[in-house]
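Counted the way full-length UniProt numbering counts, the sequence shown spans residues 1 to 163. Think of the CB as a built atom: it goes at the ideal place given N, C-alpha and C, for glycine as much as any other residue.
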Amino acid sequence: MERLRVDHAGALLAFERKNRGYFAASVPDRGDAYFARFEERHRELIAEQEAGGIHFHLVVGDGGEVLGRVNLVDVADGAAELGFRVAEKVAGRGVATAAVREVCGLAVAEYGLRTLRASAAVENVGSRAVLARVGFVPTGEEVLLSGKRGLRFVLSLPVGGSQ
1 MERLRVDHAG ALLAFERKNR GYFAASVPDR GDAYFARFEE RHRELIAEQE AGGIHFHLVV
61 GDGGEVLGRV NLVDVADGAA ELGFRVAEKV AGRGVATAAV REVCGLAVAE YGLRTLRASA
121 AVENVGSRAV LARVGFVPTG EEVLLSGKRG LRFVLSLPVG GSQ
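Structure below.
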């Protein structure tokens, strides 16, 4: 797991492009504008991360290839929204669960967070399973995720502990 850096831009863009179709089957597509202005957006995210409003993490393979990402956004008042995705080639192998679990530990130890929230489309069985394995519980709240029915989840983090 590596915290997002400026020099990750090329590998991250390759990851997003290579897996775009795979991701679009279960989560909202980022759209063409995301790819067209990727470099600019990447610099903006690094600046926002340095300000503490977000915390982005990459799962990087031995050869430097990005295999996944776990993001904490809307960081405020001891809470954040968690999002994650892994490459198609490692899906179903425990990579997402391990990465989310590790970021939950960082959320406590490094960022002082107490609560994480997440959303997953009802039909995204894989993401819902990852959230359940890590300890997220459904809130009962339904949300729309780019027109798809989704569910909200929450995880109370241990104070001063780790996941």
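Within the continuous alpha helix (DSSP H) that includes residue i, where are the two ends?
i: Ser26; result: Careful: Ser26 lies outside any alpha helix (DSSP H) and carries neither H nor E.
Take residue i and list the residues in its own chain whose beta-carbon comes closer than 6 Å to its own, dropping the five residues that flank it on each side.
i: Gly53; result: Val75
i: His42; result: Ala9
i: Glu2; result: Leu58, Val60
i: Phe153; result: Ala118, Leu131, Phe136, Pro138
i: Arg30; result: none
Might you give, ordered along the chain, the residues of its own chain that have their beta carbon closer than 7 Å to the beta carbon of residue i, omitting 5 neighbours on each side?
i: Ala96; result: Gly68, Phe84, Val86, Val130
Using 9 Å as the limit for Cβ to Cβ distance, is residue i near chain C?
i: Asp77; result: Among the chains of the structure shown, chain C does not appear; only one protein chain is present.
Should residue i go down as buried or exposed, given a rule of 16 or more other Cβ atoms within 10 Å for buried?
i: Ser146; result: exposed
i: Gly150; result: buried
i: Phe56; result: buried
i: Val27; result: buried
i: Arg17; result: exposed
i: Val59; result: buried
i: Arg93; result: exposed
i: Val6; result: exposed
i: Val134; result: buried
i: Arg128; result: buried
i: Arg20; result: exposed
i: Val103; result: buried
i: Ala80; result: buried
Flag this pair as yes or no: are the beta carbons of residue i and residue j separated by less than 9 Å?
i: Leu144; j: Arg117; result: no
i: Phe15; j: Val70; result: no
i: Tyr34; j: Glu88; result: no
i: Lys148; j: Ala107; result: no
i: Leu113; j: Leu72; result: yes
i: Gly63; j: Ala91; result: no
Is residue i near the ligand MN, in the sense that its beta carbon is under 8 Å from a heavy atom of that ligand?
i: Arg152; result: No copy of the ligand MN appears in this structure; indeed no ligand is present at all.
Take residue i and list the residues in its own chain whose beta-carbon comes closer than 8 Å to its own, dropping the five residues that flank it on each side.
i: Ile46; result: Leu4, Arg5, Val6
i: Val100; result: Val70, Leu82, Phe84, Val130, Leu131, Val134
Going along the chain, which unbroken runs of the beta strand (DSSP E) with 3 or more residues stay wholly within the UniProt domain "N-acetyltransferase" (13-158)? 55-60, 66-76, 79-86, 115-121, 137-145, 148-156
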